[in-house]
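In our numbering, the protein residues as written are 278 to 508.
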């Protein structure tokens with residue numbers, strides 16, 4: 278079997294990571310068609326590298342792969358929103374219950390740093406960074422539980438959550454904000470039931486904020502990814 282060269286593998290990972298981040302950070306609008314030619318031109322790589330990255334993103338359910346039509350950014354429905362938040366409450370309320378009163382000093386410091394960086398990003402109007410840091414906060418809790426299955430579940434649920442917020446959270450509101458994570462940190466220092474309850478309140482607040490957002494005009498892929506072009 279022919280295997281990818283180290284350079285090709287690195288290029289594929291770079292394309293994968295960049296598209297993944299662009300979806301999570303709302304730089305790629307839901308429904309955007311991910312055309313191989315445009316992506317290859319934008320990144321300065323071959324279409325084979327782009328195809329490999331899109332295939333992996335499809336396997337991880339970050340993009341949708343359509344037979345004979347290529348890939349596109351998903352457009353989750355309101356029904357899927359209910360399913361996603363139901364799953365997140367089951368997983369993350371249990372994570373909060375397990376971690377309450379048990380975070381090490383290093384873990385607490387990592388969460389404090391994420392909340393601080395998220396607040397700084399919000400203050401300077403850097404929405405993509407704030408969204409990314411918010412996801413990292415929730416993912417860190419999954420890592421701290423010591424069960425890689427929790428991490429994989431969050432890796433699937435967080436991108437879909439971000440797309441739901443892009444589609445259905447009207448205006449510039451962003452409910453999963455640094456101040457709500459500060460409340461979670463306070464709850465995690467106490468009893469398990471309190472931490473689980475605070476996580477449930479936090480996730481339900483995000484779900485309730487979903488209404489009908491304004492359509493985001495698409496950015497040409499070759500322009501969006503030009504800063505990541507391989508030289």
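Built from N, CA and C at the ideal position, the CB exists for glycine as well.
Practice problem: Count the other C-beta atoms from every protein chain shown that fall within 10 angstroms of the C-beta of residue 319, then say buried if there are 16 or more, exposed otherwise. | Solution: buried
Quiz item: DSSP on residue 349, reduced to helix/strand/coil?
Solution: strand
Quiz item: How is residue 384 classed by DSSP in three states: helix, strand or coil?
Solution: helix
Quiz item: Of the choices 397, 440, 368 and 475, whose alpha-carbon is the least far from that of residue 355?
Solution: 440
Self-check item: Three-state class that DSSP yields for residue 338 in the structure shown
Solution: coil
Quiz item: Looking only at DSSP bridge pairs, what is residue 487 linked to?
Solution: 446
Exercise. Identify whether residue 465 lies in helix, strand or coil by the three-state DSSP scheme.
Key: helix
Practice problem: Assign residue 401 to one of three DSSP states: helix, strand, or coil. | Solution: coil
Exercise. Count the other CB atoms, across all protein chains shown, that sit within 10 Å of the CB of residue 304; report buried if there are 16 or more and exposed otherwise.
Key: buried
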